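S.K.: Sequential numbering of the sequence shown, starting at 237, is according to this note's numbering. Backbone N, C-alpha and C fix where the C-beta goes; we use that ideal spot for every residue, glycine too. These numbers were taken from a predicted model, which means no experiment stands behind them. This structure is in structure tokens; I'll ask about it shortly.
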Amino acid sequence: MNAQLRHIVIRMFVTLLILIVLETLASSLFPMFGMSRYRIPFNVLIVLYITFKLRTPWIPVMVFLVQWFHSIFTVEGWEMGTIAGIIVAIVVSYAKDLMHFSSVAITMVLTQVFQCLWVAVIIGLLALKGAENFYLLDKFWRFIPESLILSFLSPFLFSILDKIWASSEHGMLGDNG
Numbered sequence: 237m238n239a240q241l242r243h244i245v246i247r248m249f250v251t252l253l254i255l256i257v258l259e260t261l262a263s264s265l266f267p268m269f270g271m272s273r274y275r276i277p278f279n280v281l282i283v284l285y286i287t288f289k290l291r292t293p294w295i296p297v298m299v300f301l302v303q304w305f306h307s308i309f310t311v312e313g314w315e316m317g318t319i320a321g322i323i324v325a326i327v328v329s330y331a332k333d334l335m336h337f338s339s340v341a342i343t344m345v346l347t348q349v350f351q352c353l354w355v356a357v358i359i360g361l362l363a364l365k366g367a368e369n370f371y372l373l374d375k376f377w378r379f380i381p382e383s384l385i386l387s388f389l390s391p392f393l394f395s396i397l398d399k400i401w402a403s404s405e406h407g408m409l410g411d412n413g
């Protein structure tokens, strides 16, 4: 148990370093090109990877850590992303046996589907907080190009994370078989 936890901590540390590098690049490069309203939410992609590929009871803690490190780079809080990430993780856990990342296209489609669930949860939480309809609509319209970019980047980032987490389609981290 301690050896598995140690491996998870080390791999999570490397994953968080990748998140920090990606968030730093996105925070500095997009405004340089005049796209200050768009930010690629790499945290969503990393949370989706964790929920798609790993089988461990530590997923909620890992989602929290990713969201907490993401909150360093955004004015949005970590709490709504953590709630959305855990809800998506619960849905993925029910459908995990049906998902097979056998091709780039399937990976992109599954990533897009669960990003839509993510944004639906976030918009629902914002609506519960009393956000104005204009803000919710603006959030949705910004989601479309950001999610498409993330879907196209997902096979590349997932392959990097597969090497870090030593997971594959047939032997997910945490499987006992």
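Rounded to a whole number of angstroms, what is the C-alpha to C-alpha distance between Ile282 and Ser403?
M.R.: Counted from its first residue, the sequence shown places residue 282 at position 46. Counted from its first residue, the sequence shown places residue 403 at position 167. Roughly 14 Å between the two C-alpha positions.
S.K.: Closer than 6 Å by C-beta to Ile322: which residues in its own chain qualify, once you throw out the five before and the five after it? Chain order, please.
M.R.: Your numbering for residue 322 matches position 86 in the sequence shown. Closer than 6 Å at Cβ, skipping near neighbours: Pro296 and Val299.
S.K.: Quick check on the burial criterion: 16 or more other C-beta atoms within 10 angstroms. Buried or exposed for Phe392?
M.R.: In the sequence shown, residue 392 corresponds to position 156, counting from 1. Per the 10 Å Cβ criterion, exposed.
S.K.: Going by Cα to Cα distance, which pick from Ser390, Ile286 and Arg291 is closest to Val302?
M.R.: Numbered from 1 along the sequence shown, position 66 holds the residue referred to as residue 302. Closest by alpha carbon: Ile286.
S.K.: Cβ of Ser307 within 8 Å of Cβ of Gln351?
M.R.: Residue numbering aside, residue 307 sits at position 71 when the sequence shown is read from its first letter. Residue numbering aside, residue 351 sits at position 115 when the sequence shown is read from its first letter. It is not a contact, given that the beta carbons lie outside the stated cut-off.
S.K.: From Val349 to Leu373, what does the alpha carbon distance come to, in whole angstroms?
M.R.: Walking along the sequence shown from the start, residue 349 turns up at place 113. Walking along the sequence shown from the start, residue 373 turns up at place 137. So the two alpha carbons sit approximately 19 Å from each other.
S.K.: State the DSSP-derived secondary structure class of Gly317, mapped to helix, strand or coil.
M.R.: Taking the first residue of the sequence shown as position 1, residue 317 is located at position 81. The answer is helix: DSSP assigns Gly317 an H, G or I state.
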